[in-house]
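Colleague: Structure incoming, see below.
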């Protein structure tokens, strides 16, 4: 769990609203970052790393090198095989993401506090009540952020 001055934050990959998977009824599924396993059948490999991470999508890339030029840490290098991201240099500052005109550069994961995350997940509460749905914590592996999950679940239940 990432700790800020005011509160605890979890590392979240994404929220999928209005889902009909991962449980009964209409649901909001919160995908957490971080998983200690390496399952060959993993449906969310972008959720394995616990921390936020820079990602490059080849098919979206224009080859303009705006991202490489913008990187203040010189962590990016375009090779014949594709974009090489030196993760020992990259601090996920998102400068390259902002510079990319085609959204080929992106970040997987964001830090969220439990209160704001619960509020977003509960936007569809009326649908949960009508369909017998609710909120599913998925991953990655949510229990790697157990304290944050407890805080979040308490807010969702209240």
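Numbering (this note's numbering), first residue to last: 274 to 431. From the three backbone atoms N, C-alpha and C, an ideal C-beta is built for every residue, glycine too. Note that the coordinates shown come from a computational prediction; the quantities given were computed from them, not determined experimentally.
Using DSSP bridges, identify the partner residues of residue 260.
Modeller: With the chain covering 274 to 431 only, the question about residue 260 has no answer from this structure.
Colleague: Does the beta-carbon distance from residue 268 to residue 386 come in below 7 Å?
Modeller: Residue 268 is absent from the structure shown; the chain starts at 274 and stops at 431.
Colleague: Buried or exposed, going by whether 16 or more other CB atoms sit within 10 Å of the CB of residue 312?
Modeller: By the neighbour-count rule (16 or more Cβ atoms within 10 Å), residue 312 is not buried but exposed.
Colleague: Hey, is the stretch 298 to 310 in contact with the stretch 413 to 421, meaning 3+ C-beta pairs nearer than 8 Å?
Modeller: Result yes; three or more Cβ-Cβ pairs closer than 8 Å.
Colleague: Using DSSP with H/G/I as helix, E/B as strand and the rest coil, what is residue 323?
Modeller: Coil, per DSSP.
Colleague: Rounded to the nearest angstrom, what separates residue 393 and residue 287 at their Cα positions?
Modeller: Straight-line Cα distance between these residues: approximately 11 Å.
Colleague: Am I right that residue 391 and residue 339 are in contact with their C-beta atoms under 8 Å? What's the rounded C-beta distance?
Modeller: About 37 Å; that fails the 8 Å criterion.
Colleague: Which of the three DSSP states, helix, strand or coil, is assigned to residue 278?
Modeller: Only weak support is given to the placement of residue 278: the predicted model assigns it a pLDDT of 38, under 50, and the value that follows is read from those uncertain coordinates. Correct three-state label for residue 278: coil.
Colleague: Which stretch, first to last residue, makes up the beta strand (DSSP E) that contains residue 408?
Modeller: Residues 407 to 411.
Colleague: Hey, out of 327, 354, 334 and 376, whose CA is closest to residue 362's CA?
Modeller: Among 327, 354, 334 and 376, the Cα nearest to that of residue 362 is on 327.
Colleague: CA-CA distance, residue 374 and residue 431?
Modeller: Roughly 43 Å between the two C-alpha positions.
Colleague: Does the Cβ of residue 397 have 16 or more other Cβ atoms within 10 Å, making it buried, or fewer, making it exposed?
Modeller: Residue 397 should be labelled buried.
Colleague: Identify every residue that forms a DSSP beta bridge with residue 332.
Modeller: The partner list for residue 332 (beta bridge, DSSP) is empty, contrary to what the question assumes.
Colleague: Please work out which residues of its chain come closer than 6 Å, Cβ to Cβ, to residue 298, disregarding the five sequence neighbours upstream and downstream, and give them in chain order.
Modeller: Counting only Cβ-Cβ distances below 6 Å, and skipping sequence neighbours, we find 404, 405 and 406.
Colleague: With hydrogens ignored, establish whether the beta-carbon of residue 366 is closer than 6 Å to any heavy atom of the ligand COA.
Modeller: Questions concerning the ligand COA fall outside what the structure shown contains, since it holds no ligand whatsoever.
Colleague: Would you mind working out which of 412, 428 and 408 sits nearest residue 318, comparing C-alpha positions?
Modeller: Comparing Cα-Cα distances from residue 318 to each of 412, 428 and 408, the minimum goes to 412.
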